[in-house]
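S.K.: Residues 1152 to 1247 (the working numbering) make up the sequence shown, in order. All C-beta atoms in this analysis are idealised placements derived from N, C-alpha and C, irrespective of residue type, glycine included.
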Amino acid sequence: LRVNYRECEHLGGLPAVALPGGDLAAKQPWRNLLAQCLRFVPEWQNYPETASVQQQNWSVLARAIERGINAPLASSCGRLFDAVAAALGCAPATLS
1152 LRVNYRECEH
1162 LGGLPAVALP
1172 GGDLAAKQPW
1182 RNLLAQCLRF
1192 VPEWQNYPET
1202 ASVQQQNWSV
1212 LARAIERGIN
1222 APLASSCGRL
1232 FDAVAAALGC
1242 APATLS
């Protein structure tokens, strides 16, 4: 964001990524990790940091994301942090 006394200009942001399951993605951080990996990490299944996703029924969600079913797009920094926390093992499987 660039601001002066007369105007402000939006300079950039995060790319929009699907929220698989909609609101459920905020309660289950591994869903955000799946969405980020599908979008940005071609061989994500080869990384041990994705174990939390691979333990879930992720293929159904991957198809839903691909088809745009119950997977609204969001560019929230909070959802990115959820994905990073899931990858690092800092996030519980389910948040209240």
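Cα separation between arginine 1190 and alanine 1234?
M.R.: 12 Å
S.K.: Mind checking proline 1180: buried by the 16 CB within 10 Å criterion, or exposed?
M.R.: buried
S.K.: Could you please give me the residues that DSSP links to cysteine 1241 through a beta bridge?
M.R.: Answer by DSSP bridge pairing: none, since cysteine 1241 is not bridged.
S.K.: Tell me, to the nearest whole angstrom, how far the beta carbon of alanine 1225 is from that of leucine 1185; I am working on the premise that it is less than 8 Å.
M.R.: No, alanine 1225 and leucine 1185 are not in contact; Cβ-Cβ is about 14 Å, not under 8 Å.
S.K.: Please list, in chain order, all residues of the same chain as alanine 1176 whose beta carbon is under 6 Å from its beta carbon, the five residues on each side excluded.
M.R.: Leu1170, Arg1182 and Asn1183
S.K.: What three-state label does DSSP hand valine 1154 in the structure shown?
M.R.: strand
S.K.: If we count the other Cβ atoms within 10 Å of its Cβ and call it buried at 16 or more, is alanine 1202 buried or exposed?
M.R.: Looking at its Cβ environment, which holds fewer than 16 other Cβ atoms inside 10 Å, alanine 1202 is exposed.
S.K.: Distance check for asparagine 1221 and glycine 1172, CA to CA, integer angstroms please.
M.R.: 5 Å
S.K.: With distances taken from CA atoms, which of Ala1242, Cys1228 and Phe1232 is nearest leucine 1165?
M.R.: Cys1228
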